[in-house]
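Take a look at the structure set out below.
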Amino acid sequence: MNDLKPLENDGSSRLVIRLMEQRDLEDLRVMHNADDVLMRLTDPTHVSEEQQEAWFKSASTSRSSRRYVARLRGTDEFIGMFRVDSIDYINGNAFVGCDIAPDYQRQGYAREFYNYILSYLFGACRLHRVELVTLEDNDRALNLYTSLGFVKEGVRREAIFRDGVYKNLVAMGLLASEWKK
Ligand SMILES: CC(C)(COP(=O)(O)OP(=O)(O)OC[C@H]1O[C@@H](n2cnc3c(N)ncnc32)[C@H](O)[C@@H]1OP(=O)(O)O)[C@@H](O)C(=O)NCCC(=O)NCCS
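Counting in the numbering used here, the sequence shown runs from 45 upward without gaps.
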């Protein structure tokens, strides 16, 4: 495998899911800069419009990363973003992550987005394994990952400096065989 296959359809029951486009940039930037999202990312730096444009140019030509966007079917409201990074085509591995815009959290959208993208990565793209990291105190994220089948594989001790203290990062992984179950 030397590239990810295109998405097979246009999303899930409630969400239109597709590759990030130029018109998504401002919605992505606003979500990224929201306190609720920013403080749970490993790099909590505000992004300017110029930085977002420059990032888009490099991100949209990268072979090792993909960004997918979810919008509400019918109304086109921006719901969130799914990242697939460090795609390793030889070993069938990738890093994943997803953020949901604050007004749309706790309505099952992250679960729907993960179900769709993981089925695609393990199915059409035949990846063997995906992994992620999250702050140890991000209960919402940890509950979600555990319920999707991710297994805790380790702790990167005090890897993140946040709110004046060093916090642990939890590393989790999910194998294709575990996802099929
Ligand atoms: C973490 C995040 C992606 C979850 O998105 P979401 O759309 O709110 O999640 P969902 O509504 O799909 O809920 C999925 C699961 O999360 C857990 N969950 C949801 N709300 C929760 C809450 N208030 N407390 C604890 N767990 C909760 C549950 O396990 C839930 O499963 P259930 O619906 O079967 O009960 C979202 O809160 C977010 O973007 N947060 C800010 C940025 C972030 O943390 N990104 C991830 C970095 S690793």
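Ideal Cβ positions, reconstructed from N, Cα and C, are used throughout, including at glycine.
Nothing here was measured: the structure is a model prediction, and the numbers come from that model.
Backbone CA spacing between residue i and residue j [nearest angstrom]
| i | j | result |
| --- | --- | --- |
| R150 | L192 | 15 Å |
| H172 | I161 | 14 Å |
| V91 | D132 | 27 Å |
| A185 | V177 | 10 Å |
| F157 | F126 | 8 Å |
| S109 | A103 | 7 Å |
| Y112 | N212 | 28 Å |
| R84 | N182 | 7 Å |
| L165 | K196 | 20 Å |
| R67 | Q96 | 12 Å |
| A220 | S106 | 24 Å |
| G118 | V60 | 9 Å |
| P88 | W223 | 31 Å |
| V140 | D54 | 20 Å |
| L116 | D147 | 13 Å |
| L48 | D79 | 32 Å |
Where residue i sits in the DSSP three-state scheme
| i | result |
| --- | --- |
| I204 | strand |
| E197 | strand |
Bridge partners - residue i, DSSP secondary structure assignment
| i | result |
| --- | --- |
| R62 | V113 |
| T236 | Outside the displayed span of the chain (45 to 225) sits residue 236, for which this structure offers no information. |
| A215 | V177, G198 |
| V209 | R206 |
What is the chain-ordered set of residues for which the beta carbon lies under 6 Å from any non-hydrogen atom of ligand 1?
D80, V81, R84, G141, C142, D143, I144, Q149, R150, Q151, G152, Y153, A154, R155, T178, N182, D183, R184, A185, N187, L188, S191
Segments assigned beta strand (DSSP E), at least 3 residues, entirely inside the segment 91-166:
110-116, 122-132, 137-144
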